[in-house]
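Worksheet: the structure to be examined is printed underneath.
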Amino acid sequence: MTRHPPMRPPRILSRLLRHLLPGPVGDEVLEALREEYAERCAAAGRLRADIWYAAHLLRPGTWGLARRLAARQARGGTSTEDRLVSELRSAVPTLPPVETIIQNVRHTIRRLLRAPTFTAAAVVSLALAIGANTAVFSLANATLFSGRGIVHPDRVAQVFRNHGSAVTWNDYRAMRDDLPGVFADATTYREEAIRLDDSDDVTAALRVSGDYFDVVGVAPALGRAFVQGEETDVERDVDIAVISWDLWQKRYRGDPNIVGREIRVNARPTTVVGVLPEDFTVKLVGIAMDVLLTDPGAVRRPDVDNLWASGRLVEGVSMEQVRAGMARIAAAYNADRPASLDPITFNVVSEADIRVAQGLDQTMISMTALLFAMVGLVLLIACSNLASFLLARAMDRRKEFAVRIAIGADRGRVLSQLLGESLLLSALGGGAGLFLAVWGIKLLLRFQPPAPVPLNLDVPLDLRVLAFTVSVSLLAGILFGVFPALQASRAPVASILRDESGRGKSWHRSWSVRGLLVSGQVTLSLVLLVVAGLFLRSLLAATRVDPGFEPQGVAVVTVEPGTSGYDDEEGHQLYRDLLERARQLPGVEAASLGSRIPLEPFGNWRSGVRRTDVVPTAGVEYQWPQIVRISPEYFEALGIEILQGRDFSGADAPDAPPVVILNEAAVRNLWGEGAGPERAVGEPVVLSSRDDAPARVVGVVRNSKLKTPSEKTEPLMYLPVSQSYDGTTKLVARGRSPAMALAESLRTVAKELDPDLYVHDAMTARESMSTALFLPRMATLLFAVLGGLALVMSAIGLYGTVGYAVATRKWEVGVRLSLGASSLEVVREMMSGGLRMVAAGLILGLGLAAGAGLLVERFLFGVRGADPLTLVIAPLVLLAVAGFAAWVPARRAARIDPMEALRSP
Amino acid sequence: MALGELQQMVMLAVIRLGGAAYGPAIRDELQRVTNRRLAVPTVYNTLVRLEDQGLVTSTEAPAAGERGGRARRVFEVTPAGWDALSEARASMNRLWEGVVRP
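Those protein sequences? They're chains H and C, same order as listed.
Last residue of the first sequence: 1308 (the working numbering), numbering continuous.
Last residue of the second sequence: 199 (the working numbering), numbering continuous.
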């Protein structure tokens, strides 16, 4: 049997101790500790022994010995260096020795534990406030402050059409070929939700073309990148993909033979040719993309503006030169365009100036700034609450301090002790706040916004976040601690010691300071409440908007024959079978297919359309309404009114004359503002997708909201799915049965037809609609939580202040009651002081809140920033809560027994 | 100079241990007799303080085999230490004179 060497204490701890305890005595102490450590390890386990050993670093005995040994060294040293060192030591102003600090901390902890309610309330409110700040910061850190992984982004230009729109393949070709010497590499990319390996989950993918890897400046860690030319190879049999390191590790378990492995993308065999480096994430609009695919589709539709384009500049070329070049391309376009149409412009932005995404940055930055302002206010309220409580505590302990100062403690020490108390509180609050923030963000990310792909938002808890939390906690500790500490340490010793009742002038001053703090809290709370109220009103306004359809009783389910291996012919057959089966379901009144239903926040499918009687000049004079591919009965199923003409019918077969239906907005777009539905019905129009034969407008329907309730009405063009097949559609049905059950039946119908068919998102139209309100709802929820938090904290502050006043004026109340004052009068008197502060805060707050309302007006829908209703209701709510918070302790005053109160000192 | 309780206890333990009064032994003796377990640094802190005050002295004793051959410091109470101890005891005795528990 081998004998284990005795366990040794953790090196870092023994080194620290050794450093503290020099010389032979230190040797002996460490030796003795080591022996006992080994014994404790054997008896109670390593962890307990470690804790026991570490505790020696905090023992007063250790520090006392350390000081003695250091003094000995300074005295006993005889060499010149020793003397020099000791002289230097005496010359340097002495910092408080570590043992004093540790003693102070221990002392402070003990004192805080003696007032557990106060300590708990303080730590909890600080934790909530600091946690909210940390959460907002780490979200901003994850989105706005973290780069997008592009190497030398200042040398990469992103090109937009007009202000921030996507470009077409033709634009990209012009930018690549017609500007020699400007772009070294150029690429297009667009996001796509794909079905990976036939799973029912959606994966985020990026379709790229050109020199994507060179533009971004990243090389695959394994395998290879796409090669020029192959990325748009339309004829290739097998698709190729580059996948993220994460996907490789998680989904393919780090398969060493991943390069060359065949995976399935939208039911097509696809070969993995490369894996991205571990530290590189492809991000688009802050969303991590796991699969890079080539984009043969882009070449097929060269005039559809659904591509993002970027280029890396040739060495020495400036952004200005790029802008000039793109302006030349735009000029060439516009030369052929009729003057009646808006000219095309290009916008060139350096990637270094893009935080998350062009067009999104402004909103995100101002939203983040707003959130910061709100959580900052909550922190201020928490701080003023604590300042108020500490002030009261300091007043109660005034005598203690006065005695200590009188017997020779210096004021600085009293000050530092009080400040230490508040810093310790804020450190505890900060620690708990960090924990709350991590938990809160997890909770927040569970509310997945309704995106076509899962949002893998990575919110790291990195050093920046920690540094932020530490600074906020420190700042808060100083903010709420410094005033009470100054007040207490400046106590006029003599008068306090003389004045037995302890109610001198400074008590009044403290009372008025606390009053100011309460007023301030009320002011800030009112601002938060008004903002929360405005967002609530805005949300309500959005839900009341007429969406242009009747969602009651409607259910939808998405089916994707396109990603399940169906060709167009088989897809058509599947659609016919689906409709037939859906119509046979009990209670179904109408069933239809549609590429989308109203109020879906995602997806842009457009088609060019123009009148035949407008002479074409250069092929760019189309209007581009959003299109919806539908089957007959769509309008009936969704309750959209047909204003003129007819619905599609079975007669609108693939080989029949092409037909379209327009909404009112599209009619006005094509025939001018005053044009009514009758103007369009029967008219021929030319579609950009099939300009060989004009299509006929057979009907005009009511406008409906496409993406959000707050949008301007979008022109829509409905095409029969029989004449313009798409591999993805929604099966829509209206029934008399509950929509929830109907959605499930639709899913079952589709799965019964083909168990391998990709079927997802079975839901009611109401559920689908609610996704359009996701963001306003989240914003309202957040602001409501913050407003509620502020309200509760202010109420606690007022409760504490009035309660303290009642406690200190007990004697006076006793006198009044015994002189015949009614309890009602006493309550009124006690409350009036508190409510005066509230009133002052409300008046100031109303002005500020109206200003804040104007600042947030841009985020609101259907309600003005200075909304009278909100500005009336919010102060009333605050007043009611404040009244209650003041009434509870005031009522206690009225119940005071006058005899007892008078007898007590 | 008045002696604290801890100082008196440590000095008495040193005396009781005779020539074997090194740190850990003093600590063990105190625990055995008074049932108080002091931390190692506390014992040494008291010893060093007493030494600085001239109430104890220490000499390096040759290593005992079982302790791994390390030199160790053995403490001894000085005459001044004896004086201080007796004075402390005498003061206590004077204070106790005539004190009867009711």
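Even for Gly, the Cβ is constructed at its ideal location relative to N, Cα and C.
As the structure is a prediction and not an experimental result, all values here were calculated from the model.
Next item on the list: Note down, one range per segment and in chain order, each alpha helix (DSSP H) of at least 4 residues found wholly within the stretch 1184-1251 of chain H.
Entry: Listed in chain order, they are 1213-1221.
Item checked: Member of A545/H, L919/H, S602/H and V934/H whose CA lies at the smallest distance from the CA of N788/H -> Checking every option, the nearest Cα to that of N788/H belongs to L919/H.
Margin query: Just to confirm my understanding: we take S876/H, look at its own chain, exclude 5 residues before and 5 after, and list those with CB closer than 7 Å. What are they?
Written below: Residues I533, S829, A830, G832 and G833 of the same chain have their beta carbon placed closer than 7 Å to that of S876/H, with the five preceding and five following residues left out of the count.
Note to self: Once DSSP output is grouped into helix, strand and coil, what is the label at D453/H?
What the structure shows: In this structure, D453/H counts as helix in the three-state DSSP scheme.
Next item on the list: Identify, in the order they occur along the chain, each residue of the same chain with its Cβ nearer than 6 Å to the Cβ of W193/C, setting aside the five sequence neighbours on each side.
Entry: Its chain contains no residue whose beta carbon lies nearer than 6 Å to that of W193/C once the 5 sequence neighbours on both sides are disregarded.
Note to self: So with CB distances below 9 Å, who are the chain H contacts of T139/C?
What the structure shows: The CB of T139/C comes closer than 9 Å to the CB of R462, P463, G464, T465, G467 and L468 in chain H, given here in chain order.
Next item on the list: Please report the Cβ distance between R1137/H and G1102/H, rounded to the nearest whole angstrom; I am assuming they are in contact, meaning their Cβ atoms lie under 8 Å.
Entry: With 8 Å as the limit, R1137/H and G1102/H do not qualify as a contact, their Cβ atoms being about 19 Å apart.
Next item on the list: Could you please give me the residues that DSSP links to M108/C through a beta bridge?
Entry: Under the DSSP definition of a beta bridge, M108/C lacks any partner.
Item checked: Residue closest to M1196/H, alpha-carbon to alpha-carbon, out of G923/H, G728/H and G464/H -> Proximity to M1196/H across G923/H, G728/H and G464/H peaks at G923/H, based on C-alpha coordinates.
Check: Any idea what DSSP makes of L847/H, helix, strand or coil?
Finding: Three-state DSSP puts L847/H in a helix.
Checklist line | Segment contact flag, the stretch 981-994 of chain H with the stretch 1076-1089 of chain H, C-beta cutoff 8 Å, min 3 pairs | finding: No: fewer than three Cβ pairs fall under 8 Å.
Checklist line | Short-range partners of chain H found in the stretch 98-126 of chain C, where Cβ spacing is below 9 Å | finding: Here the close residues are Y119, G120, P121 and R124.
Note to self: Using the three-state DSSP reduction, which class does Y1037/H fall into: helix, strand or coil?
What the structure shows: If DSSP states are grouped into helix, strand and coil, Y1037/H belongs with the helices.
Notebook entry, point to check: Mind checking if P1292/H is an interface residue toward chain C, Cβ cutoff 8 Å exclusive?
Noted result: Chain C, which has no Cβ nearer than 8 Å to the Cβ of P1292/H, makes this no.
Check: Could you give the distance in angstroms between the alpha-carbon of L837/H and the alpha-carbon of A530/H?
Finding: Distance between the alpha carbons of L837/H and A530/H is about 8 Å.
Next item on the list: Return no unless some Cβ of chain H is closer than 8 Å to the Cβ of A136/C.
Entry: With 8 Å as the cut-off, A136/C counts as an interface residue toward chain H.
Margin query: Assess contact between the stretch 1246-1255 of chain H and the stretch 1273-1289 of chain H, defined as three or more Cβ pairs (one per stretch) separated by less than 8 Å. Is contact present?
Written below: At 8 Å Cβ cutoff, the stretches touch.
Notebook entry, point to check: Where do the N-terminal and C-terminal ends of the beta strand (DSSP E) with I666/H fall, by residue?
Noted result: Annotation for I666/H: the continuous beta strand (DSSP E) segment containing it runs E665 to V668.
Margin query: Using beta carbons (cut-off 8 Å, strictly below), is R411/H in contact with chain C?
Written below: Taking Cβ atoms only, chain C never reaches closer than 8 Å to R411/H, which makes this a no.
Margin query: Between which two residues does the beta strand (DSSP E) holding Q1126/H run?
Written below: Bounds of any beta strand (DSSP E) do not take in Q1126/H, whose DSSP letter is neither H nor E.
Next item on the list: Quick one: give me the first and last residue of the alpha helix (DSSP H) that Q987/H is part of.
Entry: Counted as a single uninterrupted DSSP element, the alpha helix (DSSP H) harbouring Q987/H occupies residues D971 to Q987.
Notebook entry, point to check: Which residues in the same chain as G823/H place their Cβ atom closer than 6 Å to its Cβ, once the five residues preceding and following it in sequence are excluded?
Noted result: In the same chain as G823/H, and ignoring 5 residues on each side of it, the C-beta atoms closer than 6 Å to its own belong to N507 and T511, in chain order.
Item checked: Y615/H in three-state terms, based on DSSP -> The answer is helix: DSSP assigns Y615/H an H, G or I state.
Next item on the list: Confirm, please, whether the CB-CB distance from R443/H to R437/H is below 8 Å.
Entry: If you check the CB distance, R437/H and R443/H do not come in under 8 Å.
Check: Alpha carbon to alpha carbon, how far is N536/H from V916/H?
Finding: N536/H and V916/H: Cα-Cα distance of roughly 26 Å.
Notebook entry, point to check: For I1030/H, which of helix, strand or coil comes out of DSSP?
Noted result: Looking at I1030/H - three-state DSSP - the assignment turns out to be strand.
Next item on the list: Report the option in D865/H, L599/H, M777/H and R664/H whose CA atom is closest to the CA atom of A1193/H.
Entry: Nearest of D865/H, L599/H, M777/H and R664/H to A1193/H, Cα basis: M777/H.
Checklist line | Residues that DSSP places opposite D588/H in a beta bridge | finding: Its beta-bridge partners are R715/H.
Checklist line | Unbroken beta strand (DSSP E) run spanning L696/H, endpoints | finding: Start and end: V694 to T697.
Item checked: Contacts of H459/H in chain C (Cβ-Cβ under 9 Å) -> From the beta-carbon of H459/H, the residues of chain C found nearer than 9 Å are A136, V137 and P138.
Margin query: Using only CA atoms, which one of L826/H, K845/H and R849/H lies nearest to S874/H?
Written below: The candidate whose alpha carbon is nearest that of S874/H is L826/H.
Check: By the 10 Å Cβ neighbour count, where 16 or more other Cβ atoms means buried, how is P1292/H classified, buried or exposed?
Finding: Counting the other CB atoms within 10 Å of its CB gives P1292/H a total of 16 or more, which places it among the buried residues.
Item checked: Burial state of H459/H (16 or more Cβ within 10 Å) -> By the 10 Å Cβ count, H459/H comes out buried.
Check: Since A435/H meets chain C, which of its residues come closer than 7 Å, beta carbon to beta carbon?
Finding: For A435/H, the neighbours in chain C by C-beta distance under 7 Å run, in chain order, G120, P121 and V137.
Margin query: Determine whether the beta carbon atoms of L1305/H and W1214/H lie at a separation below 8 Å.
Written below: Against a cut-off of 8 Å, the Cβ pair of W1214/H and L1305/H comes out as a contact.
Check: Buried or exposed: which applies to T156/C, given that a residue is buried once 16 or more other Cβ atoms fall within 10 Å of its Cβ?
Finding: By the 10 Å Cβ count, T156/C comes out exposed.
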